[in-house]
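Report on the structure given below.
Number of protein chains: 2
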Amino acid sequence: MQKILIIEDDEKIRDELESFLNKHGYNAKALINLDNVVEDILKEKADLILLDINLPYMDGEYVCKEVRKTSNVPIIMVTSRDSELDELISLNYGADQYVTKPYNIQILLAKIIGLLKRNQNAGINQDKIDCKEFILNRSKSIIEKDDLKVELTKNEISILYFLILHRGSIVSREDIIEYLWESEAFIDDNTLTVNMKRLRRKLEEVGLDDIIETKRGQGYMLK
Amino acid sequence: MQKILIIEDDEKIRDELESFLNKHGYNAKALINLDNVVEDILKEKADLILLDINLPYMDGEYVCKEVRKTSNVPIIMVTSRDSELDELISLNYGADQYVTKPYNIQILLAKIIGLLKRNQNAGINQDKIDCKEFILNRSKSIIEKDDLKVELTKNEISILYFLILHRGSIVSREDIIEYLWESEAFIDDNTLTVNMKRLRRKLEEVGLDDIIETKRGQGYMLK
DNA sequence: ATTTAAAATTACAATTTTGTCACTTAATAA
DNA sequence: TTATTAAGTGACAAAATTGTAATTTTAAAT
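What follows is the structure, encoded as structure tokens:
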């Protein structure tokens, strides 16, 4: 269950929000004591923050800025002032959305859903890259095709990853060499050919023949 | 340079936007012919879409929905109607932001910057994982801290990645072993200790001392 | 303070990865 | 066709990675 942290000093609004979100399947929690807001927010490790701009002792914009220094958690600023300046400051301080009170609760919910969804796709979980015909599992350095698996070495992963990034376009040998070996100018041109051969052999092991096309004089292309 | 695609039928606004964004260092491009909008948008492979809601033959909301079926590109809906219903539909169709004309150009820019920044962390470009104190560059298998770099081996990457996934929580030695060696039941318990030692040494090389805490009897925790 | 077990350290050998060499094959131009 | 050059192949040695063993250090429990 996704956790949403509410920072709001108006008790009525706070409770309403909390129960509304809980009803919609979230684990909503309000922070009551605001003495160490920033610290507490970070401790809570929520999936999303609803942050009121007008807090009793410090302003929400400052809180937002401080949280951003150490966290990428999605933040929605909530305020009663419909001020363009406030919105601009909030966005520049790293807030993801700005909502003015009295807010349309459906719109707020849509914004929450959108941010949470995006953060799931994103996040750190981009572990497996689905390339339709096969899957590149980066943390395990393997490619999986149906039930077949094969381990790739660092160079093989790098080349394949670079090709995936530019899938469908031709990438020049120079670009690949630059990507793999950066400034090591001494690298033999043939070194790439050999590494390419090794990658292709591994791909064939899982039945992925000829997915890397040679474009003579131009480079390679992942089909 | 990041590419922004503008879909807007009012020529004046379109040109203004284009030159404004180009001035701010983006590669802005407007789609003139709107006969195959959805197809063309996908072909362009832009980093962000500015999409007008009132298009001549079809409405922007529909376009947004169609694009979302095959792409996660950030979309900002632009409209002259300040309608809560339109905003709600747009958000539900997968738009990331909703801006009403005449818009505050600074706010629009802030939204663009925010979305692009967030999407860099995500996407297939989740190549570099920003861990605040350091960056884990997965395709190159290195960690970067300030100007220092150090290469990691496959095991080292795996352990670090697993710790990052559970950052702030204790992960048991068993879980790490399971993650690295799966079913290879013959693996010595000490093997993990040694690999952990190696990872820590590499981390120290870039000044990241003591970021992996030992929780005796429980496991390890990335601070 | 002593005991015990978990974790750290160091060293070493087996295995894997990597770059280069020498040579072959294949595509394009003359 | 022939010449030319880009790309592919197989083999080998140097370098890096990895698992294990032997030993030491450290933290908690008695």
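Line order of the protein sequences matches chains C and X. Those letters in the first sequence? Residues 1 to 223, per the numbering used here, in order. Those letters in the second sequence? Residues 1001 to 1223, per the numbering used here, in order. All C-beta atoms, glycine included, are put in the ideal place defined by N, C-alpha and C.
Residue i, enclosing alpha helix (DSSP H) - first and last residue
i              : result
residue 1041/X : 1037 to 1044
residue 15/C   : 11 to 23
residue 142/C  : That residue, residue 142/C, is in no alpha helix (DSSP H); its beta strand (DSSP E) goes 142 to 145.
Residue i burial status per 10 Å Cβ neighbour count (16 or more: buried)
i              : result
residue 1067/X : buried
residue 63/C   : buried
residue 223/C  : exposed
residue 1194/X : exposed
residue 1027/X : exposed
residue 1084/X : exposed
residue 1118/X : buried
residue 1134/X : buried
residue 1217/X : exposed
residue 1125/X : Low per-residue confidence applies at residue 1125/X: pLDDT is 42, beneath 50, and the placement is therefore not dependable, though the value from the model is reported in the following sentence. Exposed, by the Cβ-count rule.
residue 47/C   : buried
As assigned by DSSP and simplified to three states, the class of residue i
i              : result
residue 226/C  : Lying outside 1 to 223, the shown extent of chain C, residue 226/C is not represented and no answer is given.
residue 1191/X : helix
residue 106/C  : helix
residue 123/C  : Summary for residue 123/C: the model assigns pLDDT 39, below 50, so the residue's position carries little reliability; its value from the coordinates is reported in the next sentence. In the structure shown, residue 123/C sits in coil (DSSP, three-state: anything other than H, G, I, E or B).
residue 175/C  : helix
residue 1168/X : coil
residue 217/C  : coil
residue 1007/X : strand
residue 1053/X : coil
residue 33/C   : coil
residue 86/C   : helix
Neighbouring residues, chain X, relative to residue i (Cβ below 9 Å)
i            : result
residue 80/C : Under the 9 Å cutoff, chain X gives no residues; its nearest Cβ is about 17 Å from residue 80/C.
The beta strand (DSSP E) enclosing residue i, as first and last residue numbers
i              : result
residue 82/C   : Neither: residue 82/C is in no beta strand (DSSP E) and is coded neither H nor E.
residue 153/C  : Looking at the DSSP string, residue 153/C is not in any beta strand (DSSP E), and its letter there is neither H nor E.
residue 208/C  : Residue 208/C -> no beta strand (DSSP E), and no H or E assigned at all.
residue 73/C   : Looking at the DSSP string, residue 73/C is not in any beta strand (DSSP E), and its letter there is neither H nor E.
residue 1029/X : 1027 to 1030
residue 1097/X : 1097 to 1100
Within chain X, the residues that residue i reaches when beta carbons sit closer than 7 Å
i             : result
residue 114/C : 1091, 1096
residue 110/C : 1088, 1091, 1092
residue 107/C : 1084, 1087, 1088, 1091
residue 45/C  : 1168
residue 149/C : Per Cβ cutoff of 7 Å: no residues; residue 149/C is ~11 Å from chain X at best.
Within chain C, the residues that residue i reaches when beta carbons sit closer than 8 Å
i              : result
residue 1140/X : 158
residue 1023/X : The premise fails here: residue 1023/X is roughly 19 Å from chain C at the closest Cβ pair, so nothing lies under 8 Å.
residue 1029/X : By Cβ distance, chain C contributes nothing, its closest Cβ being about 18 Å from residue 1029/X, past 8 Å.
Where residue i meets chain C, residues with beta-carbon distance less than 9 Å
i              : result
residue 1104/X : 84, 87, 88
Cβ-heavy atom distance, residue i to the ligand NAD, below 8 Å
i             : result
residue 219/C : As far as ligands go, the structure on display features none, and thus does not contain the ligand NAD.
Partner residues on chain C for residue i, Cβ-Cβ distance less than 7 Å
i              : result
residue 1132/X : 70
Inset, instruction - State whether the segment 131 to 147 of chain C contacts the segment 201 to 213 of chain C, with contact taken as three or more CB pairs (one from each stretch) at a distance under 8 Å. - result: The segment 131 to 147 of chain C, when compared against the segment 201 to 213 of chain C, does touch it at the 8 Å Cβ threshold.
Legend entry - At least three beta-carbon pairs within less than 8 Å, the segment 1075 to 1083 of chain X to the segment 1029 to 1039 of chain X: The answer is no - the segment 1029 to 1039 of chain X does not touch the segment 1075 to 1083 of chain X, with fewer than three Cβ pairs under 8 Å.
Legend entry - Cβ contact check for the segment 9 to 23 of chain C and the segment 46 to 66 of chain C: 3 or more pairs under 8 Å: Two segments are said to touch when three or more pairs of C-beta atoms, one from each, lie closer than 8 Å; by this definition the segment 9 to 23 of chain C touches the segment 46 to 66 of chain C.
Legend entry - Cβ pair count under 8 Å reaching 3, the segment 163 to 180 of chain C against the segment 188 to 202 of chain C: Touching, yes.
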